[in-house]
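The structure appears right after this line, and notes come after that.
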Amino acid sequence: MTVNKMVPFVTFRTRVRDESIERPNPYRWEDKTSDDYFSGKRVVLFSLPGAFSPTCSTYQLPDFEKLYDEFEREGINAIYCISVNDAFVMNAWGKALGSQKVKLIPDGSGEFTRKMGMLVAKENLGFGMRSWRYAAVIDNGVVEQWFEEDGFSDNCETDPYGISSPQNVLEALKSFQTAAAARPGRVNISQIP
1 MTVNKMVPFV
11 TFRTRVRDES
21 IERPNPYRWE
31 DKTSDDYFSG
41 KRVVLFSLPG
51 AFSPTCSTYQ
61 LPDFEKLYDE
71 FEREGINAIY
81 CISVNDAFVM
91 NAWGKALGSQ
101 KVKLIPDGSG
111 EFTRKMGMLV
121 AKENLGFGMR
131 SWRYAAVIDN
141 GVVEQWFEED
151 GFSDNCETDP
161 YGISSPQNVL
171 EALKSFQTAA
181 AARPGRVNIS
191 QIP
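Here the sequence shown stands for residues 1 to 193, numbered as in full-length UniProt numbering.
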């Protein structure tokens, strides 16, 4: 994926809490689309190889959660974490980590990840097909900034992490905002008498 490209349109199968369901597990299926997540807002999306995995659970998701308010101050409306895991796993992981602000997107079939060009084999870890680690700033469905870890490959022996870290994304976002503010205003030629 590169900057200035639209994110792919897919439908995600999510599970949402519904108190009207009278059973011990009050959740129902709800389809969400790329438009639901990305249209009309500026968001950070980050992807990782798997819920409950060490780097993802110790650093990546918790640090995005901790820095959420700073991202908001930089004009970000939402932060999404996506992984090639089903809705049950993503919900359980979010609950286990106490995630309140970062929203988790289940890409159970890997369709979104594949269309983003980020699907890799992880058979060497017993995972099957998963996402390469990356992050993006997305404005109204268009990739504005892209942060992909080095070494993109199937069955990579390492799990690179740093380029897509929340600290790096936030720093780049601040630099982007500063550079945008420093640019002189543009004049619309049609408005000149």
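The beta-carbon is built from N, C-alpha and C at its ideal position, and this holds for glycine as well.
Outcome for residue i when other beta-carbon atoms lying within 10 angstroms are tallied against a minimum of 16
{"i": "W29", "result": "exposed"}
{"i": "A51", "result": "buried"}
{"i": "R17", "result": "exposed"}
{"i": "V3", "result": "exposed"}
{"i": "P54", "result": "exposed"}
{"i": "T14", "result": "buried"}
{"i": "K66", "result": "exposed"}
Within 8 Å, strictly: CB atoms of residue i and residue j
{"i": "I79", "j": "V43", "result": "yes"}
{"i": "N168", "j": "F147", "result": "yes"}
{"i": "residue 267", "j": "Q60", "result": "The structure shown does not extend to residue 267, since the chain is modelled only from 1 to 193, so the question has no answer here."}
{"i": "D36", "j": "P166", "result": "no"}
Rounded straight-line distance, which links the Cα of residue j to that of residue i
{"i": "G94", "j": "L104", "result": "7 Å"}
{"i": "T33", "j": "G110", "result": "14 Å"}
{"i": "Y27", "j": "T178", "result": "43 Å"}
{"i": "V143", "j": "F38", "result": "10 Å"}
{"i": "V7", "j": "K115", "result": "8 Å"}
{"i": "L119", "j": "N155", "result": "11 Å"}
{"i": "D150", "j": "D86", "result": "26 Å"}
{"i": "N25", "j": "M90", "result": "15 Å"}
{"i": "F152", "j": "C56", "result": "17 Å"}
{"i": "M129", "j": "D159", "result": "15 Å"}
For residue i, the residue or residues it bridges with in DSSP
{"i": "S47", "result": "I82, Y134"}
{"i": "Q145", "result": "V137"}
{"i": "R17", "result": "Y27"}
{"i": "F12", "result": "K32"}
{"i": "A121", "result": "M129"}
Go through the region 55-119 residue by residue and report every complete run of the beta strand (DSSP E) that reaches 3 residues or more, in order. 78-83, 103-106
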